[in-house]
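Novice: If you read the protein sequences in the order shown, they are chains A and B. Counting from 1, position 251 in the first sequence corresponds to residue 620 in our numbering; the numbering is continuous, with no gaps. Counting from 1, position 130 in the second sequence corresponds to residue 133 in our numbering; the numbering is continuous, with no gaps. Even glycine gets a Cβ: it sits at the ideal position worked out from N, Cα and C. Could you have a look at this structure, given as structure tokens, before my questions?
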Amino acid sequence: MTNLPLKFNKIVKFLTVFGGLLFSAAAFAEYRLNFQDPVTQTARDIFSLHMLIFWICVAIFVLVFGVMFYSIFKHRKSKNYEPAQFSHSTKVEVVWTIIPFIILVAMAIPATQVLIKMEDTTKSDLTIKITGYQWKWGYEYLDSGIDFYSTLATPREQIDQFDTERAVPQGENYLLEVDKHLVVPSGRKVRALITANDVIHAWWIPAFGTKKDAIPGYINELWFNVDEGKEGIYRGQCAELCGKDHAFMPIVVEVVTGEQFEQWVAAGGSFENVENLATETEPPVETNETALIEKLVPAANAAETEPETEATSSVTYTMEDLMATGEKVSATCVACHGAEGKGIPGVFPAIAGSAMAKGPVEDHINIVMYGKPGTAMQAFAAQLSDEEIAAIVTYQRNAYGNDTGDVVLPSDIQAKRK
Amino acid sequence: MSHAATAHDDHHDHDHHMPTGFKRWFMSTNHKDIGTLYLIFSLTMLFIGGAMALVIRAELFQPGLQFVDPHFFNQMTTMHALIMVFGAVMPGFVGFANWMIPLMVGAPDMALPRMNNWSFWILPFAFSILLLSFFVPGGAPAAGWTLYAPLTIQGGMSVDMGIVAIHMMGISSIMGAINVIVTVLNMRAPGMTLMKMPMFVWTWLITAFLLIAVMPVFAGAVTMLLTDRHFGTAFFNPAGGGDPVLYQHIFWFFGHPEVYIMILPAFGIISHIIPTFARKPLFGYSSMVFATAAIAFLSFIVWAHHMFTVGMPLQGELFFMYATMLISVPTGVKVFNWVTTMWRGSMTFETPMLYAIGVVFLFTLGGLSGLMLAITPADFQYHDTYFVVAHFHYVLFSGAVMAMMGGAFYWLPKWTGHMYNETLGKIHFWLTAIFFNITFFPQHFLGLAGMPRRYADYPLQFTEFNQWSSIGAFGLGISQLLFVYIIVATVRGGKKATKEVWDNPEGLEWTVPSPAPFHTFDEPPVVK
């Protein structure tokens, strides 16, 4: 290896080119190298802890490998360096056991302080129950009784790029947009109780410095207190593998001022005037989903109160109405059973031509409303209104070539509610 | 195998009949042949698991779903990990153990040769069952290699096939471990006291105890999963009052020692290569032994650092944070010892040495990101992101796998009797090291910026680094074809290797001819 310096030059050249590419990429890309900007005290504490440990690690790394590379360049046979034959030194070995230990203690002290603060969920101003579902989030404001589900709003056409000719360009908040935001006030300690309905999920907003697993059968706690003046929209994603659509259940939190929050609660948690609340508003996405939300919010609210539910049942439904609604609402079914109702054999059964969709209508309604234990088929009775379930069942019994001609009415569903 | 062809030259061989063909390879009780089988198996699995990694990287090259649906993507991530951990890394090290431990301790063979045969031949069947699960309805297991309940309770019959396969590999590993322990404790050459044993033997002895301690725990966990799935129990199934977190505790009680099972033998290999090419004895031999034992002990009391976000009590989080941080002390001792071994040596940089330096450098990088991960509040941000993916590939690929590659180049002349092509070896090292870093270094940034792991699709701000990573992965994958070429070419021919191969290396393996004859140390050597 006499020509190593020459090779080293080549490596340096390569690294320069490589580095240059990175910098040129930086000119047009919006990627980042480090944590998202913190907006809570906790996230700031974590950030400084992270940077402290990082710089300690860098210092150790530079020191150790400075010595190693010095040795590699100096103590080589090609320079006729005569090898020493020492093989141990108790003094040195004790020193490099004790010094790292002291460094660790120095790291552990601030880490412990931050951790103790993070685990203190007492004295909260507001409690929200967060439930993970395959694959959406459910939110329930325990103080005001507002509850809703929050589902991915990115249209399927942007996700499915298998056929390049039909591909649609992806929007700015691709995979980070939902139909209904979790609305929280700034400057107040928000405590969240986190659980799941089916498998384990994890609720994470990087800018808040919070991540907690949502585990069925457990209620975990976390809290955050967003700085006043940092109102806006913050986005996160599910962080624990939860099956097929793990990557498609984002979390969007809309932080508003305390006053706006009171108004929002007073209005019963309506999403119709969302743009008036947020300081940073999202451009409305021109998709079916947006239209759907507007239509569904009153329906979902209506489902909560008994008298209004009865009022809806007096409306007459045609098969065309139900089919049209069914096609839109069944996005939640399509996640597993596929756009053509073919499913994935062995895990997600087909709807097209299935015994369930062509057999007794009772069974079909039952499985949609109450799910099938031990599978990803969950109970939708609480998540969807009578009208939506009726539309879904009607749609599935007549689409995908099933053509049973059955029409299921919202009143049929209401009759089955336990 | 050419060492078989030339084995007749050695006088040891005259007394023994050497079988050929089916009888030789399928019914072998010879530690060298079984070692070869293990190594070939491991390399095959490296390519199968690598192909799955490339499917993952192809899908992640751009946002949106271009090639596979998310369900198949999850099968890929799950199977990639299972195959690499249980098929490539673990059997790879058992292959090294089989070949080298008897040669290093001056024993004629492993202590339990028939069991040795069985522990290897279980593996092809275990992995056939695992791989066949791709063809059952619903495809292969897709719940991640950790097989967390209750997601695995939802899975199809492939989960059951996976459980059977895990039981079989567990049996294989435990038998292999027993064999190592018995060989090392009973069959050392006269005069070789425990504290004179080569480091590779020491690390494997400790690894073997870890294997025996934790493989049954894993077997227990997956059996409970099986009964939850089929026999109405509710250990982990919350629908029946079971506890999903219990599964994680049991799994990681196995899973954390498991990561040391995969790295300790690598430490052993590095501890042989560096002294040889620095022409200087290993620095701090006894502190190396104690550090290895300390790491093994600590590995049993840190498991819950994989589950900081499950909602443990504060005291639990603090305990596991402190215990985890402590591991960096003995690991640091090892790194310092290697660097000091190089210090004032007379170094040359043949391929094995390049690998050893690469491992020390890159493994330490992974170790330092591991220290960052130990800090609980910060771990809340890193947990289940690409930062973790980057971290464990730095310790597993540039730690374990690259150490095996270095070890292969180091002992290949002893195994085959031929020198490998030094230029090609060096090219292979540089391609591997550079593409590895292009693949995994950007993943640190992805994780910090907030990209969760096990995602089939991602938001747009993660695109650039994913593209770097995908390009690197394909380069890394293709470069390994060169590795296969070098090995095949060396087996077939090349410059004849001397008995010592390198410049005055230490160890009994260098006292037997190259290639090592079919039977060695019929008469035990005496160690002074």
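1. What separation, rounded to the nearest whole angstrom, lies between the Cα atoms of residue 407/A and residue 448/B?
2. With distances taken from CA atoms, which of 384/B, 232/B, 203/B is nearest residue 107/B?
3. Considering only C-alpha positions, which residue in the set 297/B, 110/B, 368/B, 234/B is nearest to residue 423/A?
4. Helix or strand or just coil, what does DSSP make of residue 30/B?
5. Would a check of beta-carbon distances place residue 530/A closer than 9 Å to chain B?
6. With a threshold of 8 Å, are at least 3 pairs of Cβ atoms found where one atom belongs to the stretch 403 to 419 of chain A and the other to the stretch 311 to 327 of chain B?
7. Flag this pair as yes or no: are the beta carbons of residue 56/B and residue 69/B separated by less than 9 Å?
8. Counting C-beta neighbours from all protein chains within 10 Å, is the total for residue 73/B 16 or more, i.e. buried, or is it exposed?
9. Return yes when at least one heavy atom of the ligand GTP lies under 8 Å from the C-beta of residue 470/A, else no.
10. What is the rounded straight-line gap between the Cα of residue 418/B and the Cα of residue 480/A?
11. What distance in whole Å lies between the Cβ atoms of residue 497/A and residue 559/A, which are believed to be in contact at a cut-off of 8 Å?
12. Give the straight-line distance between the Cα atoms of residue 318/B and residue 104/B, rounded to the nearest whole angstrom.
13. Nearest to residue 555/A by alpha carbon, out of 581/A, 603/A, 519/A?
14. Of all the CB atoms in chain A, is at least one closer than 9 Å to the CB of residue 446/B?
15. Is residue 380/B buried or exposed, if buried means 16 or more other CB atoms sit within 10 Å of its CB?
16. To which residues of the same chain is residue 219/B closer than 8 Å at the C-beta, ignoring the five residues directly before and after it?
17. I'd like the list of long-range same chain contacts for residue 674/A, defined as Cβ closer than 7 Å, with 5 residues on each side in sequence excluded.
18. In whole angstroms, give me the CA-to-CA distance for residue 568/A and residue 238/B.
19. Thinking C-beta only, is residue 86/B closer than 9 Å to residue 133/B?
20. Does any residue of chain B have a CB that is nearer than 9 Å to the CB of residue 595/A?
21. Using only alpha-carbon positions, find the residue among 326/B, 359/B, 406/B that is nearest to residue 374/B.
22. Per DSSP, what are the beta-bridge partners of residue 529/A in this structure?
23. Give me the residue from 455/A, 718/A, 727/A, 514/A with the minimum Cα distance to residue 768/A.
24. Counting only Cβ pairs nearer than 8 Å, list the residues of chain B close to residue 424/A.
25. For chain B, check one thing: does any of its Cβ atoms lie closer than 9 Å to the Cβ of residue 787/A?
26. Roughly how many angstroms lie between the CA atoms of residue 736/A and residue 745/A, to the nearest whole one?
27. For the alpha helix (DSSP H) containing residue 211/B, name the first residue and the last one.
28. What does the alpha-carbon distance come out to for the pair residue 526/B and residue 410/B?
29. Span of the alpha helix (DSSP H) holding residue 785/A?
30. Would you mind sorting residue 403/A into buried or exposed? The rule is 16 or more other CB atoms within 10 Å of its CB.
31. Between the Cα of residue 195/B and the Cα atoms of 233/B, 243/B, 110/B, which residue gives the shortest distance?
32. Would you report the Cα separation of residue 355/B and residue 279/B, rounded to the nearest angstrom?
33. Just tell me which of 321/B, 404/B, 240/B has its CA closest to the CA of residue 224/B.
34. Output yes if chain A places a C-beta closer than 9 Å to the C-beta of residue 348/B; else output no.
35. Per DSSP, residue 623/A is paired with what?
36. Could you spell out where the beta strand (DSSP E) holding residue 506/B opens and where it closes?
Specialist: Quick answer:
1. 16 Å
2. Nearest neighbour of residue 107/B by Cα position, chosen from 384/B, 232/B, 203/B, turns out to be 203/B.
3. 368/B
4. coil
5. yes
6. Verdict: no, contact absent.
7. no
8. buried
9. This structure simply doesn't include the ligand GTP, nor any ligand for that matter.
10. 50 Å
11. 6 Å
12. 43 Å
13. 603/A
14. no
15. It counts as buried.
16. Answer for residue 219/B: 173, 177, listed in chain order.
17. Residue confidence is low: residue 674/A scores 41 on pLDDT, short of 50, so the model does not pin down where it sits. Its coordinate-derived value is still stated next. There are no such residues.
18. Near 15 Å, if we compare the C-alpha coordinates of residue 238/B and residue 568/A.
19. yes
20. The beta-carbon of residue 595/A is placed no less than 9 Å from the nearest beta-carbon of chain B.
21. 326/B
22. Here residue 529/A is bridged, per DSSP, to 68/B.
23. 727/A
24. Within chain B, no residue comes near residue 424/A; the closest Cβ sits about 11 Å away, beyond 8 Å.
25. Judged by the 9 Å Cβ criterion, residue 787/A is not in contact with chain B.
26. The alpha-carbon atoms of residue 736/A and residue 745/A are separated by roughly 12 Å.
27. 202 to 233
28. 27 Å
29. 779 to 785
30. exposed
31. 110/B
32. Rounded to whole angstroms, residue 355/B and residue 279/B show a C-alpha spacing of 10 Å.
33. 240/B
34. yes
35. Partner(s): 552/A, 602/A.
36. Residue 506/B -> no beta strand (DSSP E), and no H or E assigned at all.
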